[in-house]
């Protein structure tokens, strides 16, 4: 019994339990500071405020990576930063989908942060379950990594040929199911996800009724789930350490939520970034098979190629969209 207790106390998924609790404590403190201090009242978050908050989250993630580098070694530090940048880049595509969801439901800008905040809590739990299951599978069946690699290759190739397509929110089957099985108010009721209202079908009895804000939250969580299917295997291709996978994943998502309001205002300027993200998935998937036939790839190469592809996608997007805007502004001959 003592040995079992000691194992739980000092070792959880390959790391001391206090290390996990320390990370979760940091995340909870950041979320409490975000909602309880910075955004205690609903308000529109401007681009400047979004950038400042994002810089803060990025700084915290970088400092945390520095601590990992110092306490766990160079390789762990490089793997953390590589996983962080991969997740950060892949999540940029999620910004576009979230902006479509908010547009479809006409969510007021002052209420969007609340949806994103509560969505984060779902991400912390959901990604934890997915990463825990993935780590258990990889630990028990190493060949699962090759399934991850093949999946990433296929997903990357699919993204290359479907980069210009947009998700159809109106005809989403999950949304259709929710509308059939939930009573939903016609309008928003402040930042409430559910409210009590009289229901005509039940003789005016007071019942809990969902608001469009709840539907928006569920659809945002669904989008997170879909993107996690890509991002979690991608980070497992970098490292199979559950702690590095989870911490880099969560810090990237936290920072992206803060940056959302700045990115949403200029998401059209990054339309060519999807091609770079597709190439990142192809590279990471190929890396798994490269390791099998030629040996382990230098972590610095993985980090360098990942950053190079992302930076290239950003530069190409900014240059080409500016050229397209200039061409549209020219008078027709």
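In the numbering used here, the protein residues as written are 3 to 335.
Yeah, the Cβ is synthetic: ideal placement off N, Cα and C, and Gly gets one too.
Neighbour-count burial assignment, residue i, 16 or more Cβ in a 10 Å radius
i, result
"residue 135", "exposed"
"residue 76", "exposed"
"residue 326", "exposed"
"residue 148", "exposed"
"residue 357", "Only positions 3 to 335 of the chain appear in this structure, which leaves residue 357 out of reach."
"residue 81", "buried"
"residue 97", "buried"
"residue 247", "buried"
"residue 319", "buried"
"residue 52", "buried"
"residue 295", "exposed"
"residue 132", "buried"
"residue 150", "buried"
"residue 279", "buried"
Boundaries (first-last residue) of the beta strand (DSSP E) holding residue i
i, result
"residue 200", "196 to 201"
"residue 97", "Note, residue 97: premise wrong, no beta strand (DSSP E); alpha helix (DSSP H) at 76 to 107."
N-terminal and C-terminal residue of the alpha helix (DSSP H) that residue i is part of
i, result
"residue 22", "19 to 35"
"residue 221", "214 to 238"
"residue 183", "175 to 183"
"residue 130", "111 to 142"
"residue 157", "146 to 163"
"residue 192", "No alpha helix (DSSP H) holds residue 192; DSSP gives it neither H nor E."
"residue 293", "275 to 296"
When the options are compared against residue i, the one with the closest alpha-carbon
i, options, result
"residue 238", "161, 20 and 290", "290"
"residue 172", "99, 111 and 323", "99"
"residue 115", "280, 34 and 262", "262"
"residue 234", "214, 130 and 308", "130"
"residue 47", "111, 31 and 24", "111"
"residue 57", "253, 157 and 217", "253"
"residue 142", "211, 174 and 242", "242"
"residue 220", "118, 19, 32 and 50", "118"
"residue 182", "212, 196 and 155", "212"
"residue 108", "214, 297, 150 and 306", "214"
"residue 286", "155, 20 and 144", "155"
"residue 240", "160, 137 and 210", "137"
"residue 217", "176, 19 and 323", "176"
Residues bridged to residue i [DSSP beta-bridge criterion]
i, result
"residue 49", "Residue 49 pairs with nothing; no bridge assigned."
"residue 209", "199"
"residue 321", "Answer by DSSP bridge pairing: none, since residue 321 is not bridged."
"residue 186", "212"
Requested in this report: Pair every Cβ in the segment 125 to 135 with every Cβ in the segment 181 to 195, then say whether three or more of these pairs are closer than 8 Å.
Outcome: no
Query raised in the report: Using 8 Å as the Cβ pair cut-off and three pairs as the minimum, do the segment 297 to 312 and the segment 96 to 114 touch?
Result: no
Query raised in the report: How do the segment 84 to 104 and the segment 178 to 188 stand: do at least 3 beta-carbon pairs fall below 8 Å, yes or no?
Result: no
**Report entry** Three-pair Cβ contact test at 8 Å for the segment 52 to 65 versus the segment 275 to 286
**Finding:** no
Query raised in the report: Touch check for the segment 249 to 267 and the segment 88 to 96: three-plus C-beta pairs under 8 Å?
Result: yes
Query raised in the report: Do the segment 207 to 227 and the segment 66 to 76 touch if we need at least three Cβ pairs shorter than 8 Å?
Result: Output reads no: the segment 66 to 76 does not touch the segment 207 to 227.
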